[in-house]
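Visitor: In the working numbering, the protein residues as written are 195 to 411.
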């Protein structure tokens with residue numbers, strides 16, 4: 195049950211973004227469920243600022259499910275969905291439906307990403323990263339320049355199965371891309387004997403996210 199807590203301490207690295215891109219390119223990760231407070235289409239800017247991590251045809255056939263978005267932000271989430279669809283990624287956008295009589299009105303604020311292999315959750319990211327340009331911006335080996343002015347300092351917790359090769363590799367690659375030990379978050383419980391425990395966390399997490407009254411856009 196590997197666990198790591200990552201804080202963006204330098205503007206050149208984004209572990210959330212790097213794990214997301216690596217996972218989308220992984221052979222044995224099929225779908226990603228992303229529940230976020232805010233969304234926007236970062237894809238064109240990502241290609242300009244971090245070409246190593248751009249969304250491209252290598253990710254074709256993957257499934258991405260977007261959940262959340264405040265009512266007034268639905269257009270932004272749909273723009274991101276459409277941009278990902280153009281790249282060959284099967285993407286849906288879903289927002290909380292309007293409350294019925296007597297129901298409590300909800301505004302989605304949680305930031306949760308669950309990566310699925312088959313029907314099995316193999317990696318989860320929980321924290322402060324929204325799927326927006328400030329989170330996805332950053333430098334790359336091909337074009338090492340200062341990040342734009344819109345930068346967020348994010349903090350995320352990562353949980354994954356040590357025995358799932360693609361999940362473990364995606365996190366390893368992302369954590370070590372920017373200089374290895376100097377920037378890589380500390381990993382605890384890095385042993386496959388803990389996998390059953392982290393899977394017990396991820397399964398109900400995904401089930402809970404899916405249980406909300408989502409309306410497909």
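For every residue, glycine included, the Cβ atom is placed at its ideal position computed from N, Cα and C.
Drop a sphere of 10 angstroms on the beta-carbon of residue 354, count the other beta-carbons inside from all chains shown, and report buried for 16 or more, exposed for fewer.
Guide: Residue 354 comes out buried.
Visitor: Alpha carbon to alpha carbon, how far is residue 305 from residue 346? Give it in angstroms, no decimals.
Guide: Straight-line Cα distance between these residues: approximately 14 Å.
Visitor: Quick check on residue 354: does DSSP put it in helix, strand or coil?
Guide: If DSSP states are grouped into helix, strand and coil, residue 354 belongs with the strands.
Visitor: Considering only residues of the region 203-269, which uninterrupted alpha helix (DSSP H) runs meet the minimum length of 4 residues and lie entirely inside it, listed in chain order?
Guide: DSSP runs (the alpha helix (DSSP H)) wholly in the region 203-269: 209-219, 237-243.
Visitor: Count the other C-beta atoms from every protein chain shown that fall within 10 angstroms of the C-beta of residue 321, then say buried if there are 16 or more, exposed otherwise.
Guide: Classification of residue 321: buried, given that the 10 Å Cβ count is 16 or more.
Visitor: Measure the alpha-carbon distance for residue 327 versus residue 386 and round it to whole angstroms.
Guide: Going from the Cα of residue 327 to the Cα of residue 386 covers about 34 Å.
Visitor: Specify, as a first and last residue, the run of the beta strand (DSSP E) that residue 383 falls within.
Guide: Element bounds for residue 383: n/a, residue is neither H nor E.
Visitor: Using a threshold of 9 Å, state whether the C-beta atoms of residue 259 and residue 288 are closer than that.
Guide: Their beta carbons are under 9 Å apart, which means residue 259 touches residue 288 by this criterion.
Visitor: Roughly how many whole angstroms lie between the Cα atoms of residue 359 and residue 408?
Guide: Those two C-alpha atoms are separated by around 32 Å.
Visitor: What is the DSSP secondary structure of residue 295, reduced to helix, strand or coil?
Guide: Three-state result, residue 295: coil.
Visitor: Determine the direct distance from the alpha carbon of residue 300 to that of residue 335, and round the result to whole angstroms.
Guide: Their Cα atoms are separated by approximately 41 Å.
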